[in-house]
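Protein chains: 2
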Amino acid sequence: MDIVEEIEKANKKAFDIMNRGKAILKDFDYAGKVIPGMKDNTILHAGPPIAYADMIDPMKAAVQGALMFEGKADSLEEADRMARSGDFDFRPCHEMNSVGPMAGIITPGMYVAVVENPEFGNKTFCNLHEGRGKILRFGATGKEVLDRLKWMNENLGPGLKEVVRKKPVDLKNIAAEAVQMGDELHQRYRASSLLFLSNISDNLLELPNGREIFKFIAEKEQFFLNLAMPAMKALADPADGIKYSTLVTRMTRNGVNFGIQVSGLKGKWFTGKVEVPVGLFFTGFSQKDAAGDFGDSAIMETLGLGGLASAAAPSVTRFVGGSVKDAIRATELGYKITYGESKDILIPALNFRGVPLGIDILKVNETNILPTINTGIAHKQAGIGQIGGGISHPPLKAFNDALKDYAATYGI
Amino acid sequence: MDIVEEIEKANKKAFDIMNRGKAILKDFDYAGKVIPGMKDNTILHAGPPIAYADMIDPMKAAVQGALMFEGKADSLEEADRMARSGDFDFRPCHEMNSVGPMAGIITPGMYVAVVENPEFGNKTFCNLHEGRGKILRFGATGKEVLDRLKWMNENLGPGLKEVVRKKPVDLKNIAAEAVQMGDELHQRYRASSLLFLSNISDNLLELPNGREIFKFIAEKEQFFLNLAMPAMKALADPADGIKYSTLVTRMTRNGVNFGIQVSGLKGKWFTGKVEVPVGLFFTGFSQKDAAGDFGDSAIMETLGLGGLASAAAPSVTRFVGGSVKDAIRATELGYKITYGESKDILIPALNFRGVPLGIDILKVNETNILPTINTGIAHKQAGIGQIGGGISHPPLKAFNDALKDYAATYGI
Chain A
3 MDIVEEIEKA
13 NKKAFDIMNR
23 GKAILKDFDY
33 AGKVIPGMKD
43 NTILHAGPPI
53 AYADMIDPMK
63 AAVQGALMFE
73 GKADSLEEAD
83 RMARSGDFDF
93 RPCHEMNSVG
103 PMAGIITPGM
113 YVAVVENPEF
123 GNKTFCNLHE
133 GRGKILRFGA
143 TGKEVLDRLK
153 WMNENLGPGL
163 KEVVRKKPVD
173 LKNIAAEAVQ
183 MGDELHQRYR
193 ASSLLFLSNI
203 SDNLLELPNG
213 REIFKFIAEK
223 EQFFLNLAMP
233 AMKALADPAD
243 GIKYSTLVTR
253 MTRNGVNFGI
263 QVSGLKGKWF
273 TGKVEVPVGL
283 FFTGFSQKDA
293 AGDFGDSAIM
303 ETLGLGGLAS
313 AAAPSVTRFV
323 GGSVKDAIRA
333 TELGYKITYG
343 ESKDILIPAL
353 NFRGVPLGID
363 ILKVNETNIL
373 PTINTGIAHK
383 QAGIGQIGGG
393 ISHPPLKAFN
403 DALKDYAATY
413 GI
Chain B
3 MDIVEEIEKA
13 NKKAFDIMNR
23 GKAILKDFDY
33 AGKVIPGMKD
43 NTILHAGPPI
53 AYADMIDPMK
63 AAVQGALMFE
73 GKADSLEEAD
83 RMARSGDFDF
93 RPCHEMNSVG
103 PMAGIITPGM
113 YVAVVENPEF
123 GNKTFCNLHE
133 GRGKILRFGA
143 TGKEVLDRLK
153 WMNENLGPGL
163 KEVVRKKPVD
173 LKNIAAEAVQ
183 MGDELHQRYR
193 ASSLLFLSNI
203 SDNLLELPNG
213 REIFKFIAEK
223 EQFFLNLAMP
233 AMKALADPAD
243 GIKYSTLVTR
253 MTRNGVNFGI
263 QVSGLKGKWF
273 TGKVEVPVGL
283 FFTGFSQKDA
293 AGDFGDSAIM
303 ETLGLGGLAS
313 AAAPSVTRFV
323 GGSVKDAIRA
333 TELGYKITYG
343 ESKDILIPAL
353 NFRGVPLGID
363 ILKVNETNIL
373 PTINTGIAHK
383 QAGIGQIGGG
393 ISHPPLKAFN
403 DALKDYAATY
413 GI
């Protein structure tokens with residue numbers, strides 16, 4: 003076989019794996035107990051690797067808040083000193099089978115969701131959804147934030163554990179139905195969150211604290227975010243490490259750098275500077291307040307959702323000032339840089355065509371088309387939280403570097 | 003003013019009333035207690051007026067089941083004799099501020115929803131949603147049907163009464179959000195039913211039997227049907243009786259005749275034979291099993307939803323064998339026969355254009371375009387229930403007759 007055939011064969015294999023997998027929510031438990039390799043001093047963060055000292059303020063603050071939550075530090079200052087001490091092992095979530103939105107800080111004492119892709123047996127993990135406003139993932143660390151995390155660890159996590167152990171939840175099914183109901187599954191999670199809650203409500207309401215948990219979930223319009231992310235990672239991971247494949251298996255940002263990984267170049271990060279997302283801002287905020295793009299949530303676009311599924315959710319594009327035509331265009335551009343289309347997640351407005359699946363570094367390099375990423379916009383100062391929503395893109399440099407490395411690796 | 007100006011002025015007024023109204027779910031109670039003019043011997047039915055002897059079998063059976071439910075008859079045979087005796091006053095729901103899906107049988111002892119259009123002060127009523135399968139509205143009358151109605155009267159109705167009295171529900175808001183989530187609100191009520199349940203869940207779960215009621219609602223994908231119908235009637239009714247207006251305020255079917263009413267021709271029914279809906283059938287059934295079109299649910303199309311909002315829900319059109327193009331076409335045809343567009347209920351796929359609102363008998367007569375009606379298909383034998391879904395149309399004759407009467411009435 004010549005290299006072109008090798009690539010096609012490898013990409014078909016990677017694509018088929020991503021396309022046919024399932025994502026079953028099976029458990030909730032402490033990160034330190036269920037994430038392989040997670041030690042007492044491990045701190046997971048969003049994006050490609052980054053040292054604590056180099057993190058943007060909201061991510062640093064989230065680390066500090068997490069150390070206080072864990073009972074390791076009594077103040078943010080103490081937590082900051084500890085984080086700089088070298089005693090902690092900072093690791094990208096993605097390198098530990100995990101994902102986390104925005105700061106993506108996961109420490110051993112936090113409850114995480116456990117998602118399994120049954121055919122391949124791989125598991126993925128994600129922290130629990132705090133809601134909007136003042137929350138750890140945007141770098142808020144006040145008493146209400148830590149109290150909420152404590153409540154989540156003592157109620158939400160254990161409650162959901164009991165519920166999904168009794169009846170596991172097919173997250174890909176919910177994602178597919180939600181895309182038919184106007185969710186693109188990065189900004190908009192209205193339908194999916196309702197569908198998830200509806201799915202678990204019967205067993206949830208059996209619990210002594212079931213109503214309290216029900217209410218917590220019902221009030222969160224993006225609750226499904228922290229379930230959709232590990233679901234998509236569960237679909238992507240088995241497609242990683244396929245020799246010759248040029249398909250992207252990870253896209254993620256740490257606020258400084260945007261990193262991608264490529265199936266045939268296992269374990270390598272290709273990075274470039276993050277964009278500051280452009281979009282619409284809540285009253286009182288403007289573009290100059292925006293932090294650089296961060297979070298593992300670009301795993302949604304990696305699997306054809308979010309910006310690549312814009313045509314399914316024109317209300318999201320409209321929110322950031324675009325029209326239905328712009329929404330359809332974002333998805334059409336997606337088709338130009340992907341291997342194929344999802345067989346399960348279909349867009350009604352495009353005559354039930356599947357979402358664009360399998361971003362190919364060759365096609366990105368050939369067309370210079372970058373995937374559109376729908377993202378929340380955080381204030382660059384810690385603790386203020388979400389200030390708007392908009393779009394961003396990965397840096398072309400990451401795709402250029404990946405191609406160079408690919409050429410060197412495979413001697414072409 | 004010449005007649006053209008009179009018509010335009012009247013239609014603008016009727017349209018504005020339909021467009022700006024609200025539909026607030028405020029109460030649930032016994033039909034006999036809250037529907038003005040409802041007497042102990044009143045039996046409401048769907049569609050234009052019809053005598054018991056002339057009803058199709060499923061509607062006759064629903065009458066019999068209702069008389070057993072009311073404790074007036076001990077058997078279907080006895081109920082049939084009573085219904086033929088002349089002791090009962092059969093009235094169209096629409097003439098009693100009410101609507102009912104399919105057979106639309108409402109008797110005094112049944113719980114009904116009470117919806118109010120606050121600016122105009124008018125109230126509308128609808129029976130409660132039984133679900134699918136063997137149900138009274140399709141002419142099923144077995145023990146399980148009557149037991150369910152009893153449970154609904156003792157639990158669902160009183161429970162919802164307590165909940166909506168505490169916090170009334172804005173049904174038009176839910177309808178508008180649901181249309182953004184793929185409901186066209188005649189066949190598909192997936193989003194709206196979830197949104198409604200989510201809206202009331204907190205107060206509902208306070209009730210001693212709240213979980214049981216919650217479960218009943220959660221299992222019904224079309225629960226919102228019996229709330230959307232009185233909501234749309236609440237918006238339409240104040241637009242009825244406006245001198246010179248040529249806008250349609252009611253479209254409804256009794257299984258034999260399809261009837262329409264026109265704002266400027268208050269109280270008159272214009273009728274023609276119903277179509278047998280054409281569509282897809284559940285396994286084991288075919289077109290030859292289908293009953294003639296029946297039910298008041300065409301109130302949804304009267305207000306621009308259902309078939310006229312097909313573009314919002316291509317999955318419905320797809321279910322009956324059409325494409326996204328067909329779905330958009332059904333809505334585009336709607337624009338050709340309506341006065342304007344809803345300001346609140348918008349279709350994302352059409353760049354957030356409002357649904358077609360205010361069917362005009364002049365435009366229907368001029369173009370011969372008939373509104374598409376999305377409808378469930380019932381078996382023509384009583385008690386078998388829903389056997390498919392499809393589309394139907396009103397008879398052109400009804401619109402022709404209305405125009406003739408209009409010309410005579412206004413001397414043109």
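Quick mapping for you: the protein sequence lines, in order, are chains A and B.
Quick note: to get the numbering used here, add 2 to the position in the first sequence (first position is 1).
Quick note: to get the numbering used here, add 2 to the position in the second sequence (first position is 1).
Glycine included, each C-beta is placed from N, C-alpha and C at the ideal position.
Note that the structure is a prediction, hence the values are computed from the model and not measured.
Straight-line gap, residue i to residue j (C-alpha atoms, nearest Å)
i               : j               : result
M231 of chain B : M302 of chain B : 6 angstroms
A351 of chain B : G356 of chain A : 17 angstroms
A314 of chain A : T333 of chain A : 9 angstroms
L173 of chain A : D204 of chain B : 25 angstroms
I244 of chain A : V326 of chain B : 38 angstroms
Q224 of chain B : L359 of chain B : 23 angstroms
F198 of chain B : M183 of chain A : 15 angstroms
T109 of chain A : F71 of chain A  : 9 angstroms
A53 of chain B  : R86 of chain B  : 9 angstroms
L196 of chain B : N175 of chain B : 13 angstroms
F30 of chain B  : K168 of chain B : 12 angstroms
E421 of chain A : W271 of chain A : The question about residue 421 of chain A has no answer here: the residues shown for chain A are numbered 3 through 414.
D4 of chain A   : I330 of chain A : 36 angstroms
V322 of chain B : T285 of chain B : 14 angstroms
Beta-carbon proximity check, residue i vs residue j, cutoff 8 angstroms
i               : j               : result
V166 of chain A : K28 of chain A  : yes
G141 of chain A : A105 of chain A : yes
P279 of chain B : I202 of chain B : no
A48 of chain A  : G391 of chain A : no
F218 of chain A : L158 of chain A : yes
N21 of chain B  : S344 of chain B : yes
H188 of chain B : N376 of chain B : yes
P50 of chain B  : T254 of chain B : yes
E8 of chain A   : Y246 of chain A : yes
G161 of chain A : I215 of chain A : yes
S299 of chain A : L237 of chain A : no
Those residues which DSSP pairs with residue i across a bridge
i               : result
S100 of chain A : A:F127
E118 of chain B : B:I26 and B:K125
M61 of chain B  : Bridge partners of M61 of chain B: none, in fact.
M253 of chain B : B:I262
T340 of chain A : A:I361
Y113 of chain B : B:Y32
L310 of chain B : For L310 of chain B, which the question treats as bridged, DSSP gives no partner whatsoever.
Residue i (DSSP reduced to helix, strand or coil)
i               : result
Y246 of chain B : coil
F283 of chain A : strand
G141 of chain A : coil
Y54 of chain B  : helix
I45 of chain A  : strand
D31 of chain B  : strand
N211 of chain B : coil
K275 of chain A : strand
P240 of chain A : helix
A404 of chain B : helix
A105 of chain A : coil
T377 of chain A : strand
K74 of chain A  : coil
V448 of chain A : Past the boundaries of the shown model lies residue 448 of chain A; chain A is included only from 3 to 414, so the question cannot be answered.
For this session: Would you list, in chain order, the members of the region 183-213 of chain A that have their beta-carbon closer than 8 angstroms to a beta-carbon of chain B?
Result: When C-beta distances to chain B are compared with 8 angstroms, the residues of the region 183-213 of chain A below that value are M183, G184, R192, A193, L196, L197, L199, S200, S203, D204, L207 and R213, in chain order.
Exercise. Going along the region 371-405 of chain B in order, which residues come within less than 7 angstroms of chain A, judged by CB to CB distance?
Worked result: none
For this session: Return the residues of the region 321-332 of chain A that lie within a Cβ-Cβ distance of less than 8 angstroms from chain B, sorted by chain order.
Result: S325, V326 and K327
Problem set entry | Residues within the region 346-368 of chain A neighbouring chain B, beta-carbon criterion of under 8 angstroms | P350, A351, L352, N353 and F354
For this session: Pull out every residue of the region 289-319 of chain B whose Cβ sits closer than 7 angstroms to any Cβ of chain A, in chain order.
Result: Here the close residues are P316 and S317.
Exercise. Going along the chain, which residues of the region 220-235 of chain B sit with their C-beta nearer than 8 angstroms to a C-beta in chain A?
Worked result: For the region 220-235 of chain B, which is checked against every Cβ of chain A, the residues closer than 8 angstroms are A220.
For this session: Taking a Cβ distance cut-off of 7 angstroms, strictly less, list which residues of the region 164-185 of chain A are near chain B, in chain order.
Result: Within the region 164-185 of chain A, the residues whose Cβ lies closer than 7 angstroms to some Cβ of chain B are Q182, M183 and G184, listed in chain order.
Problem set entry | Members of the region 126-147 of chain B that neighbour chain A once the beta carbon cut-off is set at 9 angstroms | Along the region 126-147 of chain B, there is no position whose C-beta sits under 9 angstroms from a C-beta of chain A.
Exercise. Going along the region 26-46 of chain B in order, which residues come within less than 8 angstroms of chain A, judged by CB to CB distance?
Worked result: none
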